[in-house]
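Chains as they are written, first to last, in the numbering used here: chain A, 551 to 664; chain B, 77 to 189.
We put the CB at the ideal spot given by N, CA and C, even for glycine.
None of these values were measured; they are calculated from a predicted model.
Let me begin by presenting the structure, written as structure tokens, before commenting on it.
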């Protein structure tokens, strides 16, 4: 049973470009969470999605960031017009239950903005 | 807003010694997680603590939860070099339909031979 998959594992972008990060949850999981880890810091919640719905985006920056989890395919975190401050590790987690399900983390995507 | 504090932030210890990492949180929650993260890697789940008084042990690590004091501890017994990593606690923040995790700042553990 494959775990949570994320790709790419490493992504380099120049300032002003777009970054697309993908997350495939574990089989049978329909709840996806995105977290961001800045260098030397803990993980910060960004957004929680179920299939085709954004449930909680209270941790998302107001501009340039968006997320989706379509009916088919992976969840995508999109960052438009990246800036150096976006350089971080972005982790996706999935769970099978909404309120009490343990979250399982993917390997992360390390974004570097030049 | 739920806040989670860990201390110490950095811990250097010798092999064979014992030490405890503390995790305090600010509002009610009955679900607390401990994770380990090696440099450049993802999070490895260590313990899930679900109720007041819960105690779990795995090898040289033991975690406990006191929901009344809003405190969890991760105790390291007779540390070995392989335990060197960053350890995070995380508390489930239930709010409506969400189940987001609020993480502590992490404790960087360095075990010296």
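* Asked: For residue 159 (chain B), does the three-state DSSP call read helix, strand or coil?
  -> helix
* Asked: Residues of chain B with a CB under 7 Å from the CB of residue 653 (chain A): which are they?
  -> 177
* Whose Cβ in chain A lies nearer than 8 Å to the Cβ of residue 119 (chain B)? -> 593, 641, 655
* What is the residue span of the beta strand (DSSP E) that residue 581 (chain A) lies within? -> 581-587
* **Proximity to residue 141 (chain B) [Cα-Cα], best of B:109, B:77, B:164** => B:109
* **Top-ranked residue by Cα proximity to residue 148 (chain B), from B:132, B:88, B:93** => B:132
* Asked: What are the boundary residues of the beta strand (DSSP E) that includes residue 631 (chain A)?
  -> Per DSSP, residue 631 (chain A) belongs to no beta strand (DSSP E) and is neither H nor E.
* Classify residue 636 (chain A) as helix, strand or coil using the three-state DSSP reduction. => helix
* **residue 658 (chain A): contacting residues in chain B (beta-carbon distance under 7 Å)** => 118
* Checking contacts by CB at 8 Å: is residue 636 (chain A) closer than that to chain B? -> no
* To do: Classify residue 47 (chain B) as helix, strand or coil using the three-state DSSP reduction.
  => Past the edges of chain B, shown from 77 to 189, lies residue 47 (chain B), and the structure says nothing about it.
* Identify which residue in A:558, A:572, A:605 has its Cα closest to the Cα of residue 623 (chain A). => A:572
* Could you give the distance in angstroms between the alpha-carbon of residue 112 (chain B) and the alpha-carbon of residue 602 (chain A)? -> 32 Å
* Asked: Got a sec: is the Cβ-Cβ distance from residue 153 (chain B) to anything in chain A below 8 Å?
  -> no
* Residue interval of the beta strand (DSSP E) (run including residue 555 (chain A)) -> 555-557
* Between the beta-carbon of residue 592 (chain A) and the beta-carbon of residue 92 (chain B), is there less than 8 Å? -> no
* Asked: Ends of the beta strand (DSSP E) at residue 572 (chain A)?
  -> 569-574
* Reference residue 122 (chain B), options B:160, B:134, B:129, B:81, closest by Cα -> B:134
* Quick one: does residue 183 (chain B) have its CB under 8 Å from some CB of chain A? -> no
* **Test: residue 123 (chain B) CB closer than 8 Å to a CB of chain A** => no
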